[in-house]
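Contents: one structure, followed by commentary.
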Amino acid sequence: MSELIKKQLTDAKALMDRAIEHTDSEFLKIRAGKASPAMIEGVMVEYYGAPTPITSVASITSPDARTLTVQPWEKTMLGPIERGIMEANLGFNPQNDGIVIRINVPPLTEERRRDLVKRVKAEAENGKITLRNIRKDANEKIKKMKGESVSEDEIKVGEADVQKLVDSYIIKIDQLTAIKEKDIMTV
Numbered sequence: 000m001s002e003l004i005k006k007q008l009t010d011a012k013a014l015m016d017r018a019i020e021h022t023d024s025e026f027l028k029i030r031a032g033k034a035s036p037a038m039i040e041g042v043m044v045e046y047y048g049a050p051t052p053i054t055s056v057a058s059i060t061s062p063d064a065r066t067l068t069v070q071p072w073e074k075t076m077l078g079p080i081e082r083g084i085m086e087a088n089l090g091f092n093p094q095n096d097g098i099v100i101r102i103n104v105p106p107l108t109e110e111r112r113r114d115l116v117k118r119v120k121a122e123a124e125n126g127k128i129t130l131r132n133i134r135k136d137a138n139e140k141i142k143k144m145k146g147e148s149v150s151e152d153e154i155k156v157g158e159a160d161v162q163k164l165v166d167s168y169i170i171k172i173d174q175l176t177a178i179k180e181k182d183i184m185t186v
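For the sequence shown, counting from 1, position 42 maps to 41 in this note's numbering; every step adds exactly one.
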């Protein structure tokens, strides 16, 4: 196989690794019954007039399976953090005690669990779409090599290798999805 095609495969593999990491990080944001700081890491808060990620203005910990605590680095940020959590519409009711914000994570109902599984499946599908787009781009680049001392057969082999790579990564997404679904549906 030509070096040009090998480079394309390496580039595609790197992009697919990032797609898997992104999908996994999106799964972490979907709650699975136990409290996890990742559940609110995407919350934006007003910090001196600018929307800022909550992780930039406070530390988030999970002292037990049903509680999150948010410790702001500046006491004046308690109100904006509380407002940001409420506005994020995550279904949490933050309690501000003047020092930290506590969030009690309620147990999931069966209906809520099903909704979360639907979200997981949607995120998985987004990951698969990303993989397919990477495949399409890689195949187009491989086809453009036809005139650059790369034979038809090498191009066909390169495209087949890209497809094998995509198939293996789709299996990885399916495995991550199954693990997350099991985690959500476990009471």
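All C-beta atoms, glycine included, are put in the ideal place defined by N, C-alpha and C.
For residue j and residue i, the rounded distance between their alpha carbons
i       : j       : result
Gln-94  : Lys-143 : 59 Å
Lys-181 : Lys-117 : 13 Å
Leu-67  : Phe-91  : 10 Å
Lys-74  : Ile-29  : 29 Å
Lys-12  : Ala-159 : 14 Å
Ser-1   : Pro-50  : 49 Å
Asp-173 : Lys-120 : 9 Å
Glu-139 : Ser-24  : 29 Å
Ile-100 : Met-184 : 28 Å
Ser-58  : Glu-147 : 54 Å
Arg-82  : Leu-14  : 37 Å
Glu-153 : Glu-110 : 52 Å
Ala-34  : Ile-53  : 16 Å
Asn-132 : Asp-10  : 13 Å
Val-44  : Lys-155 : 51 Å
Cβ neighbour criterion (16 or more within 10 Å) applied to residue i
i       : result
Pro-79  : buried
Pro-71  : buried
Ile-98  : exposed
Gly-48  : exposed
Thr-22  : buried
Gly-113 : According to the sequence displayed, residue 113 carries Arg and not Gly. Counting Cβ neighbours within 10 Å, Arg-113 comes out exposed, since fewer than 16 surround it.
Arg-134 : buried
Ser-64  : According to the sequence provided, residue 64 is Ala. The question's Ser does not apply to it. It is exposed - the Cβ of Ala-64 has fewer than 16 other Cβ atoms within 10 Å.
Cut-off 7 Å between Cβ atoms - residues of its own chain near residue i, not counting five sequence neighbours on either side
i      : result
Lys-6  : none
Pro-62 : Thr-68
Phe-26 : Val-119, Glu-122, Leu-175, Lys-179
Leu-3  : Met-144, Glu-147, Val-149
Beta-carbon proximity list for residue i, same chain, < 8 Å, skipping 5 on both sides
i       : result
Leu-8   : Ala-137, Gly-157, Asp-160, Val-161, Leu-164
Glu-151 : Lys-145
Ser-55  : Tyr-46
Check: Quick one: complete beta strand (DSSP E) runs, 3+ long, within the region 26 to 98?
Finding: 43 to 46, 49 to 52, 57 to 63, 66 to 71, 93 to 95
Check: Does the region 100 to 110 come close enough to the region 28 to 48 that 3 or more CB-CB pairs lie under 8 Å?
Finding: yes
Next item on the list: Spell out a yes or no on whether the region 163 to 183 and the region 8 to 18 are touching, meaning 3 or more CB-CB pairs, one atom from each, closer than 8 Å.
Entry: yes
Item checked: At least three beta-carbon pairs within less than 8 Å, the region 81 to 98 to the region 121 to 138 -> no
Check: Which full runs of the alpha helix (DSSP H) of 4+ residues lie inside the region 109 to 174, going along the chain?
Finding: 109 to 142
Notebook entry, point to check: For the 8 Å Cβ check, are there 3 or more pairs between the region 133 to 143 and the region 171 to 178?
Noted result: no
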